[in-house]
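A short worksheet on the structure shown next.
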Amino acid sequence: MLDRLDHALRTRPERPAVLTAARGGATRVRATAGELADLADAFAAALHARGLRAGDTVGVAVRPGPRALAVLLALWRLGLRGAVLDPGAGAEVLRARLELARPALVLADAAAQAVAGWAAPLARRARLELPELAALGPVATVGPRLPGCAPALDLGAPRAGVPAGYEGDGDAVVVFTSGTTSRPRAVVHTRAGLAAGMETVSSLFDAGSGAPVLGGTFFVLVPSLAQGAPVALPARSPAVLARQLARLRPGDTYLTPPQLRDALGAGARFGGRVWTGSAPASAGLLGRVREAGAREAWGVYALTELFPAAAVESREKAAFDGAGDLVGAPLPGVRTAVDARGELLLTGPAARDRYLGEEPDPWVRTGDRARLDGAGRIVLEGRCKDMVLRRAENIYPGLYEPGLHVPGVELGVLVGVPAGDGDERLVAVVQPQRGVPEPALRAALSEPLRAMGTARPDALLFADIPLSGRSRKPDRAAVSALAAARLGGGAR
19 MLDRLDHALR TRPERPAVLT AARGGATRVR ATAGELADLA DAFAAALHAR
69 GLRAGDTVGV AVRPGPRALA VLLALWRLGL RGAVLDPGAG AEVLRARLEL
119 ARPALVLADA AAQAVAGWAA PLARRARLEL PELAALGPVA TVGPRLPGCA
169 PALDLGAPRA GVPAGYEGDG DAVVVFTSGT TSRPRAVVHT RAGLAAGMET
219 VSSLFDAGSG APVLGGTFFV LVPSLAQGAP VALPARSPAV LARQLARLRP
269 GDTYLTPPQL RDALGAGARF GGRVWTGSAP ASAGLLGRVR EAGAREAWGV
319 YALTELFPAA AVESREKAAF DGAGDLVGAP LPGVRTAVDA RGELLLTGPA
369 ARDRYLGEEP DPWVRTGDRA RLDGAGRIVL EGRCKDMVLR RAENIYPGLY
419 EPGLHVPGVE LGVLVGVPAG DGDERLVAVV QPQRGVPEPA LRAALSEPLR
469 AMGTARPDAL LFADIPLSGR SRKPDRAAVS ALAAARLGGG AR
């Protein structure tokens, strides 16, 4: 796929490749295909001139966009392993795991160096954190260099003698999962596995029509550009994103559930197919996207270790009336198993090879309790670690949370709150959509709560649900603390 992308970029160099939006939503060309190809060549020449060779590790702390994509293309060409230094993973996670894979070089833009340096206190308020980059390895600046930045990477290095392309397999990328500092995970994907994952994404949405695609992740950029479709990076402001959608009219749109909720709140209209993942997407949210104009709205079940694993369209998800969260049939090549504890295991060509510092293992332990229904579809029953113990009964929130998503609910979760003697109270915390009165929601939720039977919550609270991590998933620990504080004050 990456080799096909390189060919596609050079075939029509004048074609717009990466787009952004002005505040009014008007489309701007951030980079053409030729500019991307030329920048990738320059990065490859610079890295080769510094003596980096196949198998070396390069830390990458560059914001998503043309520059980051060109860096990854250069790493692929030279057979280098890229360690993606995500500021959302946490400084201690990155520092701990990179002890096992010292970068020969760290490529960082000015923003990343600010997060790791003078702007660290401000960045931490936004839950962004990087370790001191110079402690990881030599640092070179890519992009505009500001005072205090490391020396710039020399993009004027001669291109003669740079390998045309690495042909072997081997490690391609290291991606860090968020988690505790006691057991941070560094996921290693090989070149073959990365290619398989992108082929699966490409089969999900055919961008061959040339219609623009809206999305900012590597797994959206590469397949779309390889098929000849320009990719627009989503605007950060929901209001601007709504205007961007109206002006761009993308054939396919990939946004996270929080981005979708914010865009809908800003009055966004959709078209074509809309894809969402990285965090739970309820049938209600997907239905709202279709009501806002999308021809199809898909929820994608994916992990850092295997992207993507399953997908389900809104109508199929809405028709599901069983307990739990239907995430769809496994995608081609993905195989499933459920162990004795009920944990879902996945494997397939796109699965990670191993965790850094550990032996290869074909099976990915998802951490999700799940079952397969009669049609072989995956139904999630909650995170194994999120089990609530109430009066000697094990309650898995994922079995019952879909029932909270009645019309007017933005997000709803079930959490445990300590009740003494090792027991817990089960609390439903619901975030209303903007403008929906709480009394109306309380009435709408009365029957779904009653239908939960022995798992009926002890209390129902209305609050904004804290989110965490790069995927902006509900922060259950924070929600539990919020519930405990509210219940301590007598809220019901």
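Per the numbering used here, residue 19 is the first one in the sequence shown, and the count goes up by one each step.
Glycine is no exception: its CB is placed at the ideal position from the N, C-alpha and C atoms.
Worksheet item: According to DSSP, is A168 helix, strand or coil?
Response: In this structure, DSSP gives A168 a state outside helix and strand, which the three-state scheme calls coil.
Item to complete: Given a cut-off of 8 angstroms, decide if P82 and A128 are closer than it, judged by their beta-carbon atoms.
Response: no
Item to complete: Just the C-alpha distance for L429 and P492, rounded to the nearest angstrom, thanks.
Response: Near 9 angstroms, if we compare the C-alpha coordinates of P492 and L429.
Discussion item. My assumption, with CB atoms under 8 angstroms, is that V133 sits in contact with L148. Please give the rounded CB distance.
Written reply: About 5 angstroms separates the CB atoms of V133 and L148; that is less than 8 angstroms, so the two are in contact.
Worksheet entry | Own chain residues within Cβ distance below 6 angstroms of H66, not counting five before or after | V180
Worksheet item: Taking the alpha-carbon positions, what's the T208 to W381 distance?
Response: 15 angstroms
Item to complete: State buried or exposed for G99, treating a residue as buried only when at least 16 other CB atoms are found within 10 Å of its CB.
Response: The residue asked about is misnamed: residue 99 is Arg in this sequence, not Gly. By the 16-neighbour rule on beta-carbons within 10 angstroms, R99 is buried.
Worksheet entry | L362 and L239 closer than 8 angstroms at C-beta | no
Discussion item. Quick check for students: name the residue ranges of the alpha helix (DSSP H) that lie wholly in the stretch 234-286, counting only runs of 4 or more.
Written reply: 236-244, 256-266, 275-283
Worksheet item: Near S200, which residues of its chain fall below 6 angstroms by C-beta distance, leaving aside the five closest residues on each side in sequence?
Response: Any reading at S200 must be qualified, since the residue scores a pLDDT of 41, below 50, and its modelled position is unreliable; the value itself is stated next. Nothing meets the Cβ criterion.
Worksheet item: For the beta strand (DSSP E) that F1 lies in, which residues bound it at each end?
Response: Nothing about residue 1 can be reported from this structure: the residues present for the chain run from 19 to 510 only.
Worksheet item: Which residue's Cα is closest to the Cα of A213: V191, A310, D379?
Response: Ranked by how close their Cα comes to the Cα of A213, the residues V191, A310, D379 have V191 in first place.
Discussion item. Nearest by alpha-carbon distance to L20: which of G215, E110, Q449, G234 is it?
Written reply: G215
Worksheet item: What is the rounded straight-line gap between the Cα of Q451 and the Cα of T75?
Response: Spanning the two alpha carbons is a distance of roughly 45 angstroms.
Fill in: Spatial distance of G233 from D441 (CA atoms)
44 angstroms
Worksheet item: Looking at C-alpha atoms only, which residue of A446, A49, A355 is the closest neighbour of L390?
Response: A355
Fill in: Close-in-space but distant-in-sequence residues of the same chain around V424 (CB under 8 angstroms, 5 per side omitted)
G302, L459, A462, L463, P466
Discussion item. Rounded to the nearest angstrom, what separates L349 and A329 at their Cα positions?
Written reply: 7 angstroms
Worksheet item: When the Cα of S489 is compared with those of R28, L321, A337, which residue comes out closest?
Response: L321
Discussion item. Just to confirm my understanding: we take A64, look at its own chain, exclude 5 residues before and 5 after, and list those with CB closer than 6 angstroms. What are they?
Written reply: L171, D172, L173, A175
Worksheet item: From which residue to which residue does the beta strand (DSSP E) around P348 run?
Response: 343-348
Worksheet item: Which runs of the alpha helix (DSSP H), 4 residues or longer, sit entirely within the stretch 414-441?
Response: 415-418
Practice prompt. Compare the beta carbon distance of L479 and A496 with 8 angstroms and say whether it is the shorter of the two.
Written response: no
Worksheet item: Ordered along the chain, which non-local residues of its own chain (more than five positions away) have a Cβ less than 7 angstroms from that of R28?
Response: Same-chain partners within the cutoff: A55.
Item to complete: Return the CA-CA distance between A281 and A119, expressed in angstroms with no decimal places.
Response: 39 angstroms
Worksheet item: According to DSSP, is S200 helix, strand or coil?
Response: Unreliable positioning characterises S200 in this predicted model, as indicated by a pLDDT of 41, which lies under 50. The coordinate reading is nonetheless provided below. Three-state DSSP puts S200 in coil, outside helix and strand.
Worksheet item: What do you reckon, are the CB atoms on I413 and V345 nearer than 8 angstroms?
Response: no
Worksheet item: Got a sec? Which residues, its chain only, sit under 8 angstroms from R291 by beta carbon, not counting five neighbours each side?
Response: F223, G269, D270, T271, A312, R313, E314, A315, W316
Item to complete: Check whether the Cβ atoms of R279 and A310 sit closer than 8 angstroms, and answer yes or no.
Response: no
Practice prompt. Would you kindly report the start and end of the unbroken beta strand (DSSP E) that includes W381?
Written response: No beta strand (DSSP E) contains W381, which DSSP labels as neither H nor E.
Worksheet item: Can you tell me where the alpha helix (DSSP H) with W94 in it begins and where it stops?
Response: 84-96
Item to complete: Name the two residues that bound the continuous beta strand (DSSP E) containing R408.
Response: 406-408
Item to complete: Measure how close the beta-carbons of V80 and A130 come, nearest whole angstrom, since I'm counting them as under 8 angstroms.
Response: 7 angstroms
Discussion item. R115 and A204 - do their beta-carbons sit closer together than 8 angstroms?
Written reply: yes
Worksheet item: Between which two residues does the alpha helix (DSSP H) carrying D56 extend?
Response: Note, D56: alpha helix (DSSP H), 51-67.
Worksheet item: Under the DSSP definition of a beta bridge, which residues are partnered with V192?
Response: A101, V206
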